[in-house]
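Quick note, this note's numbering runs 289 ahead of the 1-based positions in the sequence shown. Virtual Cβ for every residue (Gly too), placed ideally from N, Cα, C. Heads up, the thing below is written out as structure tokens.
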Amino acid sequence: MKASAKNAGFAKALLLNHGEKIGMLIFGGAAAWLLYASLGAEGTDQKPGNLTDIVQTANSNISRFTAADAPDPAEDPEMAIAVADTWEAQAANAVDPKAYDSPTNFVWDAGVVPPIVLRRDPLLLPAVNLEGFGGTAPLATMDEATRKRRELEMLRKERENEKKRELEREANRTAEGDPGGRGGRGGRGAGRGGEFGGGEFGPGFRGGAGGVDDRRRQAPMVRRGGMGVALNGDEHVDLESYACVTAIVPVEDQWKLYKDAFSDALGYSSQRDMPKYLGYFVERMEVGSGAEGKWTPVKFKDPVKNQWLGVVSGASIQRSTQNWVPGMPPLVDGRYFHPELTFPLPPMAGKPFGREVVHSEVPLQMETDAKNANEEDLPVDEGPTGDTPADLLGGGGVDRGFGGEMGGRGFGGRPGGEYGGFSGRGYGGEFGGEMGGRGFGGEFGGEMGGRGFGGGRGGGRPGMGGGEFQITVPQVMVRFFDFSVQQGKRYRYRVQLLLEDPNADPMVSINHLDKEAKQRVEEQAKQKGTKFRKTDWSEPSKIISIPAAGEVYVASVKPAPTRTANGEPSVELLVKSYDIDENNRARQAEHIMPFNRGAVLNRTVDDIEILENGGRTLLTIDSFDFKTNMTLLDIEGGEKIGRDAAAPGRVLLMDASGRLFVQDEFSSKSEVDMHKLIFAEEERGPGGGEFRGGRGGGMDFGRGFEGMDF
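What follows is the structure, encoded as structure tokens:
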């Protein structure tokens with residue numbers, strides 16, 4: 290027993306004293322064996338470059354492989370391409386996408402997990418690229434009694450026209466058995482109805498007891514519709530200075546920002562969570578005066594209530610333009626016309642508007658119509674019905690929509706829209722009656738509880754009503770007119786857009802908002818009034834100068850004589866000017882006059898013919914005061930550059946505000962040629978000329994100009 294215990298103690302002592310050495314010896318031996326084993330392993334002759342070549346070769350073979358390169362299934366069934374079973378042909382029907390439309394906007398691919406992202410305020414984009422110009426011209430307005438009388442007259446004429454059309458349809462149905470049929474009457478231009486059929490001046494220009502009026506003659510039929518709004522004689526005409534400003538609203542980009550902010554957020558609604566423009570604020574800064582650098586609000590006057598409106602919206606546009614004489618085409622492509630953002634064109638008498646009233650990035654309606662001339666015509670939307678909003682920004686939607694001008698496609702009325710639909714009503718057509726059409730369109734149709742009366746040729750704009758306004762283009766146009774400017778002054782403008790606030794909607798829980806949006810909505814709830822969000826102010830416009838009522842064009846240039854040391858060049862300028870006569874009628878005068886450098890283009894011309902009655906007649910008066918307040922600074926051109934050619938002329942002009950601009954002979958040619966055509970002397974006997982358009986035509990001046998007591 291003692292020996293056994295002694296042996297056990299010896300082993301334990303040995304392990305305690307030499308265990309580390311034994312372990313190190315074992316690990317060292319294992320490492321030596323591994324090293325020896327690795328030295329004896331066979332290596333590979335493959336290199337990275339060889340492997341790269343193999344991969345590239347395989348990719349090349351795969352890319353060039355075709356079905357013809359595959360082995361024959363009979364020879365190599367494993368590597369060959371298997372032939373699919375032959376299936377019996379089945380009849381297939383086309384899938385109608387409309388069958389899957391959901392009137393409740395049900396989302397078929399809705400996420401399995403409901404959204405848990407809090408709602409935030411999307412970034413708001415301001416209006417961009419402000420453009421503008423200034424002018425002075427006769428503005429035609431009417432008092433409230435005249436406006437209501439015209440509404441009632443339009444209603445009466447529409448009922449009469451509808452009765453006549455029904456009689457014609459009945460007569461045509463009765464005459465269907467006749468060879469060729471009877472056909473329709475066409476327009477009303479031959480009698481009292483059309484614009485050219487005496488509707489504006491009565492049944493022709495018939496004189497009184499005085500006989501023939503030698504002071505008047507018929508103007509050539511070359512400018513119909515280009516002399517501003519047509520007047521009936523019961524309007525108020527005043528010379529008004531104005532600034533017109535246009536800008537671009539990036540609707541598509543704003544829509545994308547809304548989608549990014551709301552599409553995955555709590556309480557998302559595709560109908561509510563979209564940009565809805567309510568209007569905008571306008572500020573201006575006078576340039577070149579002591580007040581420069583100070584922005585002041587621009588307000589728009591309600592002439593009926595004699596109130597100043599501080600925001601532009603569908604309601605304020607309607608209120609500030611309700612006394613305007615209807616009839617001015619909007620010129621802009623109707624798709625870019627936004628009822629809450631775009632002013633209609635003011636009723637200028639004897640003053641046509643051109644491209645300058647439409648933003649350079651927006652097409653004209655006539656350009657769009659020409660582009661789509663070969664495409665299938667779209668149906669004209671019937672105007673919806675609706676009431677005028679009680680508040681300037683009430684309702685949160687668009688108040689009215691516009692149709693196409695001059696009987697175009699019509700606009701505003703289809704629900705939806707790529708960038709959202711907005712409730713509202715449309716303007717009536719303003720061109721009915723012209724060229725034998727249906728009577729003035731319903732600009733005032735909605736006020737009387739009905740829709741407008743259609744347009745002239747081809748249908749015109751839809752009448753007033755209620756419905757949806759849709760945006761189908763990536764941007765829309767802001768346009769407003771400031772009539773509080775003064776001649777000779779210069780201004781800059783900026784605008785601030787107003788959008789409906791979807792996060793403040795009563796259907797949105799305050800707990801669904803993130804911290805910043807929740808704080809803003811809670812602060813906004815303490816304020817009264819319509820809930821909206823404001824964009825940043827736009828970048829200021831360029832300087833807009835306000836000139837006097839006049840235009841200047843270059844007719845011809847005569848260079849300075851070379852044989853005279855102090856010789857001066859001279860120029861013949863076509864000067865146009867406007868005024869109001871003692872009978873409250875707008876008059877336009879234009880005359881070609883010679884000038885030298887340094888001359889102020891104000892002059893009185895005796896025994897001159899002027900345009901009146903919207904450019905339809907020429908009247909000889911004793912004198913006319915041309916007042917443009919422009920100064921001729923320099924003249925260039927006119928030198929001979931060939932036997933029958935001369936260098937084109939151009940002049941440097943300065944208006945009353947100090948703005949410098951150049952007018953040249955090339956750009957003036959059409960106006961100068963038109964002037965010479967209109968004012969050319971011609972043989973005319975007693976009774977004047979007669980332009981009759983036939984029973985269905987629209988160009989009839991009655992029985993000639995047989996002297997008329999004006």
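A straight line joining the alpha-carbon of ARG874 with that of VAL526 spans about 7 Å. For TRP597, the enclosing beta strand (DSSP E) has its first and last residue at 596-598. When the five nearest sequence neighbours on each side are left out, the beta carbons in the same chain lying within less than 8 Å of the beta carbon of PRO360 are those of MET368 and ALA369, in order along the chain. Rounded to the nearest whole angstrom, the C-alpha separation of ASN418 and ARG573 is 16 Å. In summary, LYS565 is buried, with 16 or more beta-carbon neighbours lying within 10 Å of its beta-carbon over all protein chains present. Within the DSSP bridge table, the entry for GLU420 names THR535 as partners.
Around the beta-carbon of THR851, fewer than 16 other beta-carbon atoms lie within 10 Å, marking it exposed. Distance from the Cα of ALA878 is smallest, within the candidate group ARG886, GLY317 and ASN891, for ASN891. Around the beta carbon of VAL951, fewer than 16 other beta carbons lie within 10 angstroms, which makes this residue exposed.
Across the set LEU528, GLN543 and LEU922, the C-alpha of LEU528 shows the shortest separation from the C-alpha of SER866.
The shortest CA-to-CA distance from GLU645 to any of MET943, ILE881, ALA838 and LEU620 is the one to LEU620. Ranking PRO829, GLY568 and GLU861 by CA distance to the CA of MET882 puts GLU861 first. No residue range can be given for THR824, since it is assigned to no alpha helix (DSSP H) and is classified by DSSP as neither H nor E. The three-state reading of DSSP puts MET443 in helix, counting H, G and I together.
Beta-bridge analysis with DSSP links TRP613 to THR430. For LEU314, the number of other beta carbons within 10 angstroms of its own is below 16, and it is reported as exposed. The beta-carbon distance between TRP613 and THR430, rounded to whole angstroms, is 6 Å. This is short enough to meet the 8 Å contact definition.
Counting C-beta pairs with one atom in each stretch, the stretch 843-850 and the stretch 445-463 have fewer than three that are closer than 8 Å, which means they do not touch. With contacts defined by Cβ atoms closer than 8 Å, VAL540 and ILE343 do not form a contacting pair. With contacts defined by Cβ atoms closer than 8 Å, ARG409 and ASP790 do not form a contacting pair.
Taking all protein chains shown into account, TYR780 has 16 or more neighbouring C-beta atoms within 10 Å of its C-beta and is therefore buried.
Straight-line measurement puts the Cα of ASN661 at about 13 Å from the Cα of PRO652. In the three-state scheme derived from DSSP, where H, G and I count as helix and E and B as strand, ASP794 is classed as coil.
Contact between the stretch 829-838 and the stretch 936-954 is present: three or more C-beta pairs spanning the two stretches fall below 8 Å. Of the residues VAL765, ASN792 and GLY643, the one whose Cα lies closest to the Cα of GLU812 is ASN792. Collapsing the DSSP output to three states places ASP658 in a helix. Its Cα nearest to that of ASN521, the residue PRO636 stands out among ARG353, PRO636, VAL647 and ILE897. For TYR780, the beta-bridge partners assigned by DSSP are GLU575 and ILE833. The way I'd put it, the stretch 620-632 does touch the stretch 761-770; three or more beta-carbon pairs between them come closer than 8 Å. Annotated three-state conformation of ASP542 is helix, per DSSP.
Residue environment for ILE405: exposed (fewer than 16 other C-beta atoms within 10 angstroms of its C-beta).
Of the candidates LYS336, HIS307 and ILE910, the residue whose Cα lies closest to the Cα of ASP895 is ILE910.
PHE570 and ASP562 do not touch by the CB rule: their CB atoms are close to 24 Å apart, not below 8 Å. Looking at the DSSP output, PHE626 bridges to MET766. Counting along the chain, the unbroken beta strand (DSSP E) around PRO883 starts and ends at 875-885.
Bounds of any beta strand (DSSP E) do not take in ALA347; it lies within the alpha helix (DSSP H) bounded by 337-353.
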